[in-house]
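Remarks on the structure that follows.
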Amino acid sequence: MKELTNYFTKKDIIFKQINETTPKEIGSRKKIGIYHATSVKKEFYAIFIVDAKSRFLRKNADDLMALCETLSSHLDHNFKKKVLLISSPLCSKAKAYLKENKWSVYIDFM
């Protein structure tokens, strides 16, 4: 979690509170890091960290959006900012699809 706060501090985003949600809590078997955070500017962030060796495809983007909806219903509020931090290669169609649905995608994490 320390590297997560350092990463966002470099991007001038400071969080007041960061909590981790395990995928098991929201009924998923995926190996993904899920965090929900509140910034100092009172914006709610849903942060997903994907660390895989294979390419992140459009199908994975659909799964990620469904997971975000499940997280929203689990925590009973919507998120203003949705962020994907990824270290594997990213399909251009998946990236365009996520950007079109108001996601921020950062490939330079880790």
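Taking full-length UniProt numbering, the leading residue of the sequence shown gets 1, the next gets one more, and so forth.
For each residue, glycine too, the CB sits at the ideal point set by N, CA and C.
When DSSP labels each residue in this structure, what does F15 get in the three-state scheme?
-> DSSP, reduced to helix, strand and coil, places F15 within a strand of the structure shown.
Measure the alpha-carbon distance for T9 versus Y35 and round it to whole angstroms.
-> 16 Å
Enumerated in chain order, which unbroken segments of the beta strand (DSSP E) with a length of 3 residues or greater are wholly contained in the stretch 38 to 74?
-> List check, beta strand (DSSP E) in window: 44 to 50.
Nearest to N19 by alpha carbon, out of K11, K30, R29, S39?
-> S39
Does the pairing of the stretch 69 to 78 with the stretch 52 to 59 give three or more beta-carbon distances under 8 Å?
-> no
Buried or exposed: where does I14 fall if 16 or more other Cβ atoms within 10 Å of its Cβ makes it buried?
-> exposed
Under 8 Å between C-beta atoms of L85 and I32 | no
For H36, which residues does DSSP report across the bridge?
-> N19, A46
Quick one: grab the DSSP three-state call for I86.
-> strand
Rounded Cβ spacing between A66 and Y97 (contact assumed at less than 8 Å) = Their Cβ separation, rounded to whole angstroms, is 13 Å, which puts A66 and Y97 out of contact at 8 Å.
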